[in-house]
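Before any comments, here is the structure.
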Amino acid sequence: MKTQSSFIDQQETLGTYADKPISFNEHQVLHELKHFLPAQAPLKDFIHHNTLHAFQNLKFETATHHASKIFGYKTSLSLEEFRKLYATKKIRKDILEKIITERKCKESIAEWIEKLTTKSYDTINQPRIGLLRYNWKKAYHIDLDLTIQPILFRILCSYLDQGISMWNFPIEYKGFLSSIKELERNSFTSFFKTERVKNLLLHGDCEISSLLKIIVGDESLYKQYLFDQQFAHQGWAGMVSTVEDQPQTLLNTKKISLHDIIVFELLLEIDTLDHKFGAIWAPLSTRIEKQPVDIFADVAKTELSEVMAIWQNAYEWTYYNEVLASIKLASNDTKNKKASASFQAMFCIDDRECSIRRYLEEIDPTCETFGTPGFFGVEFFYQPENGKFYTKLCPAPITPKYLIKELGHKEKRKTDVHFTKHTHSLLRGWLISQTLGFWSAFRLLLTIFRPKESPTMVSSFQHMDPASTLTIENKNTSDIENDLQIGFTIEEMANRVEGLLKGIGLVKDFTPIVYLVGHGASSVNNTYYAGYDCGACSGRPGSVNSRVMSFMANHAEVRKTLSTRGLVIPTETQFVGGLHDTTRDEIAFYDENILSEKNKEHHRKNQTTFAKGLDFNAKERSRRFESINTKLSPKKIHDKIKTRSVSLFEPRPEYNHATNTLCIIGRRSVTKSLFLDRRAFMNSYDYTIDPEGKLLFGIMKPIGPVCGGINLEYFFSRVDNQKLGAGTKLPHNVMGLFGVANGTDGDLRPGLPSQMIEVHDPIRLLVIVEHFPEVVLQTIQKLPEMYEWFVNDWVHLVAMNPKTKVFYLIKDGTFSVYEPLTEHINKLNNTMQLVETSQENLPVYEIN
Amino acid sequence: MSSLLHLFVLIPLAGFIISLFIPKKQESLISWTVFGIVGLHFIGSVGFFILWMLCGHPTLNLKDIALYSTDNYEFLVDFYFDKITAVYLFVGAFLTFLVTVYSRRYLHREPGYKRFFNTILLFYFGYNITIFSGNFETLFIGWEILGICSFLLIAFYRDRYLPVKNAYKVFSVYRIGDVGLILAMWASHHLWHENITFLKLSNAELVHEHLSSHSLIGVFISLMILIAAAAKSAQLPFSSWLPRAMEGPTPSSAIFYGSLSVHIGVFLLLRTFPFWENQISVRILIVILGLLTSVVATLTARVQSTIKSQIAYSSVAQIGLIFIEVAIGFEKFALFHFAGNAFLRTYQLLVSPSSVSYLIREQFYNFVPRKQTIENSLPRKIQNSIYMLSVKEWNLDSFMNRVLWTPLNRAGKKLDFLTIKRLLLFFIPTYMIGLFVLYRHLPMPAEVHEYLPTIFSLIGLITVLKAFSERKNVVMSWIMIIMNHFWMALAISFNEDFTYNQVYLYLSGVVVAGIVGYLCVRRLKRLEGSIDLNQFYGHSYEHPKIAFVFLLSCLGLTGFPITPTFIGEDVIFTHIHEDQAVLALFTSLSFIVDGIALVRIYARVFLGPHVKTYHETAYRSS
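Sequences listed follow chains A and B, in order. Numbering-wise, our numbering puts 167 at position 21 of the first sequence, and it's gapless, one number per residue. Numbering-wise, our numbering puts 189 at position 11 of the second sequence, and it's gapless, one number per residue.
Here you go:
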């Protein structure tokens, strides 16, 4: 029997963190700092990622415990919240007992239940970060951050600014520190208050270690000092680090480095100290009474951390168990309808597309839907007409070699005079405020009582003009612009079409029309707009991709090439691209004019199916929204949903990925009759055409970073909305167009705001793969960075034997049978009635 | 028609009181109540406006109740309505109504939903008192309410460090403005020998007659009014508070700092214009101040890289122009400009989150790598210097620190030798002797008697400075503030022979608030163990009720219009003679520091990041 003392045996050493250094290695320390700082890119490229990515080399439980002790993050629900969930039966007793049995032993169940439910623990968390620099206050009675941070943030923001200020940073092409130097050299004023620092910057030795020698003194403390210093404003430090590594995330690129801002901040610190104490003061290390604990020293497991881990698992498995039991018990007698199938439609794997697929199948039981990453397997840069830049339209880690240009854009971009710089100049502002000012009053009145579309908003449909043409086909491979080939050759197109269709298992029985529906979102007053669009398109709408893929699949030459490879698409089959706006629940279709007469007829019929499905979908979504009465008819609700998307005062245009918990890779038959409450990413995959799991590898590779990343960002923003999330977005102020902060001199706030995560339950992603467990295990082990996600439990993985429907839990490199504890399944007759019943998460149902 | 004026003040007050009693969880009930109240007020305003126009837009004056009166003193609530009030009423009602509707949905699920609307209604009550006020006393009631509402709304996110710090900062600047107003009232009382109404002020002959013999005091009054107006409207040298006030939810920033609150200084100038109309030097000074502010604020706005601070500084620049317009005498023009600026900035702030997508889209299609700006024509060195100065906000913030905080802290530090024991040992016997002498009317040499009030008020000032700089003992700081009031009362009692009733009136609120506040601190100490003033404790997280009661007692002690102390303070001032500048200075300094010290105690003990970290707490820097 394991007792408390065995915790010591279980302690994992932090060998993975660098050992405490005696000598200071600047390069290494900066590297580590960058590793731990938030990695969120500027707002326009907002892409979800695991907030605790720096700890991913550890097991989830260890990682979260370490992160909380080192950096003070709250990494799970609180003990009270778990206890409340248990009391309200949201955590099942039998599951809890099962988990205790697995982790401890059967005999200790009572003891641990007592610990979990009643024993009182000291839950106050005293993190290690900041302890060293706290001595400035304690021993020197000086608040360095209070004096330095406002001016530091101000200067940084001015330097990185993308288009708010009218008068830009005078010198920037040389890099941050050189620009500051140049300014200091050639001006009548200074950012510093004392002379020594100015001389140091202009003529002296500005190495980080030399400055630290002045400030800290003891070399063994340098690393800790820099961690303390940068984590006192991790938002700005993280942004600088990200821009340093990915300068392309700013359109107006800026040369800056973490090194530069550290030097500048150290100079400001010396300046402040000089200003207060004169040029003579002893470095920090001489005044420290007690050496603070090294931030990366071993973190001991505690009984409390074990209690929290048990709760977390019990919470998750209560939900997983219900899902697995339902999948097992659902009677998915897929009657063979394929012969007479009306249409096929591909959607993104996105959890928001879960319900629209269900409704389409409900309204037209003969149709078939698929899920695939929303860039539809075509990767390229896109340049809208008159655009000065390229936009990447594929998952963020891929760097495409192709460029697709938009030609013949007809829609005119509308402008809003309220954003013009003239309103801020003195004399024109004088004129404008007395003229436009009254127009503003009128606009305000209208926008509050009659919200409608305006240039202020972000609309997914504006991404591309449907009437434009795209340079998809490349007829001459020397047609190259900035190292990018314009368009794809026949061969390249064929490869991509083949990859897409085989990946989702659509290789025969094509219907007359196959739809490819990308997705995007619309909102107004939403700084997080990029996070609402398609993650597989780098946070942009998927309209161009769906159109490009449809063109490729319709191309006669491409089809000829494909048929030589054994993939025959009948000539009467036509592909149609489309875009689903997930906020407004509208779908636009592209290039409908290429349809044959007969298909036009089909299309018309299908469109009514889509329209009805969208109404239903709007109704289902509305149950989460306080402002809409879910009992109204789907049509009425749909109108309200559309109004909501253009309402300035609506901080929740939609709930985006909130509540996501599942990722199901397999045929639609696995989930077809199930009501999963829009909580599942669904990737279509047919194990029968891929017995060895070759295609599975390609599908599984992005699951961790994309679906796992989304899930974990929601997870951590939910459990610690203040430190890991962005807090409430209501007081947010836009900083330089790349980030948000509270007020005007706050730190940047990475992570998700409370309005996005409030309905989310912090449950890790459960990936369910319909394939034999040994194949799944082999597949994930092919790539260490992919395997890390699974073996370290950042996502859970279950393989479902397609023949026997037996589940295998894959954990620590082995698999074992998982037998769900539930023997019944909830039945449901009418989804419309169900969604009216509750605002909360709903259980899994089988739809009759 | 005049009697209708009551309604405009009473409706928001009734709304505020009703809203206090609605349970926190009842979001829709709260929002509907506020919607109803503000909507009613808006419709009423429009109706009244039409009626008033039909009657040929007369100037209305309504002498309301006298809250307190003696033979030579009357604290009169007086209401007034003319075209200035009309414009401020319309703009205020319109914007408050729209922003309330906006916030109903925008603040959904926000903890503090009720607190937000309570504060909005209280603010609106204060705003209406201010714009309808018919004399300085009434105006001052509204003025004080606006100040405290600003504090509450900036510190709306009271569990974070920066909002609390900035709210405190803004409150202190406002306090300077308050003193400007108090001194203006004091001097004008001596000038007119009554509490002059604005109606009488608009009588040019009367004003001229009085001022011709007292030109110096006239200039003094005008300057004090200007200080009050400049502080409230973020003119030089106070400008840097405005961007820092943008800490609350966006709609509250929009309505307060984008439009209504920040234009109240302009209102004060417009209202008192007849008084300083003939003081050319004052008018020139206002023009210069407005011009300087416009230039500095515009330059600062040009380099702002955050959307809200940019709007704040452009608004300040426009208000600078409005100051000029008022000073030149273009009253209608100024009113027009005020309305336009208020609407524009409110809307710009409300859509400010959209700027990301909008401006990035602009950038995507119209990007020019390095745009030439007007400054590029300047020599490089001058260009760089102006740029750097503008980024540093022309050192305005550090200037405020230098003139306000540093001297206060330094003075406080000098008092470190005063331990609680020494203080009690010295002050209580001294006070007793003073009291004894006073009651017994013991004879003393006239020379001594003459200096006693000043000495006592200096002691009062020292006690309150000690209260301000105290870092450890909360109770001691609290008692020092109470003692300050007692010293002031004693000082004034020696200054002039008047009935003790007035002193009792003054001290009654002090005693009640003092005891209640003391009990709050004691209870908190019993629950939480030791507390000091060296850091923020954030105890409102666990003890919101104690926090609320303590806030009320702070307000009572600081002379907020909820206790008779408020009137008493004004009465006390009337007993300072016009030639006693030093006494007036000490008294008003006490008054400034007293308010700041009280808010400091409240902020340190109840606001800021909670010391207990068992729940989510924000970074200090956020």
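Positions of the beta carbon are idealized from the N, C-alpha and C atoms, including for glycine. Remember, predicted model here, so these are calculated numbers, not experimental data.
Three-state class that DSSP yields for residue i in the structure shown
i, result
"A:A734", "strand"
"A:K951", "coil"
"B:E674", "coil"
"A:F206", "helix"
"A:K538", "strand"
"A:Y280", "helix"
"A:Q490", "strand"
"A:D823", "coil"
"A:Q392", "coil"
"A:L680", "A small fix is needed here, since residue 680 of chain A is Cys in this sequence, not Leu. Strand."
"B:Y491", "helix"
Segment limits, beta strand (DSSP E) that includes residue i
i, result
"B:T752", "Here B:T752 belongs to no beta strand (DSSP E); instead the alpha helix (DSSP H) covers T743 to T752."
"A:L826", "The sequence given here has Ala at residue 826 of chain A, not Leu. A826 to S830 is the span of the beta strand (DSSP E), which, as asked, contains A:A826."
"A:C513", "No beta strand (DSSP E) holds A:C513; DSSP gives it neither H nor E."
"A:H665", "I659 to G666"
"B:M363", "Run containing B:M363: none in the beta strand (DSSP E); it sits in the alpha helix (DSSP H), Y339 to W370."
"A:A804", "No beta strand (DSSP E) contains A:A804, which DSSP labels as neither H nor E."
"A:I937", "In the sequence as displayed, the identity of residue 937 of chain A is Val instead of Ile. Segment P930 to V937 is the alpha helix (DSSP H) holding A:V937; no beta strand (DSSP E) there."
"A:N727", "Reading the sequence as shown, one finds Asp at residue 727 of chain A and not Asn. That run of the beta strand (DSSP E) goes Q720 to D727."
Selection from the options that minimises the alpha carbon distance to residue i
i, options, result
"B:F376", "B:Y682, B:V771 and B:L254", "B:L254"
"A:V913", "A:V722, A:R249 and A:K847", "A:K847"
"A:K492", "A:Y661, A:A613 and A:I626", "The sequence shown places Met at residue 492 of chain A, rather than the Lys named in the question. The residue with the shortest Cα to Cα distance from A:M492 is A:Y661."
"B:I745", "B:L702, B:N679 and B:M402", "B:N679"
"A:K180", "A:Q392, A:N763, A:N857 and A:G384", "A:G384"
"B:Y251", "B:I740, B:L340, B:S708 and B:F676", "B:F676"
Cα-Cα separation, residue i to residue j
i, j, result
"A:L204", "A:D444", "13 Å"
"A:I594", "B:L276", "7 Å"
"B:A781", "B:Y346", "8 Å"
"A:F228", "A:Y461", "8 Å"
"A:F656", "A:T755", "19 Å"
"B:F664", "B:L685", "7 Å"
"B:A505", "A:N281", "53 Å"
"A:E766", "A:N806", "16 Å"
"A:T602", "A:H609", "15 Å"
"A:T388", "A:T269", "34 Å"
"B:L245", "B:S718", "34 Å"
"B:S635", "B:I659", "13 Å"
Under 7 Å by beta carbon: chain A residues contacting residue i
i, result
"B:A407", "Those within 7 Å of B:A407 in chain A number zero; the least Cβ separation is about 19 Å."
"B:M424", "N879, G889 and T890"
"B:V569", "R300, I301 and S304"
Endpoints, alpha helix (DSSP H) assigned at residue i
i, result
"A:E992", "Segment Y991 to I993 is the beta strand (DSSP E) holding A:E992; no alpha helix (DSSP H) there."
"A:G844", "K840 to M846"
"B:L331", "F314 to I332"
"B:A264", "K261 to Y284"
"A:E552", "No alpha helix (DSSP H) contains A:E552, which is instead part of the beta strand (DSSP E) from Y548 to L553."
"A:H125", "Residue 125 of chain A cannot be examined here, being either before or after the span of chain A that is shown, 147 to 994."
Under 8 Å from the C-beta of residue i: neighbouring residues of chain B
i, result
"A:I594", "L276, V279 and Y280"
"A:D307", "S483"
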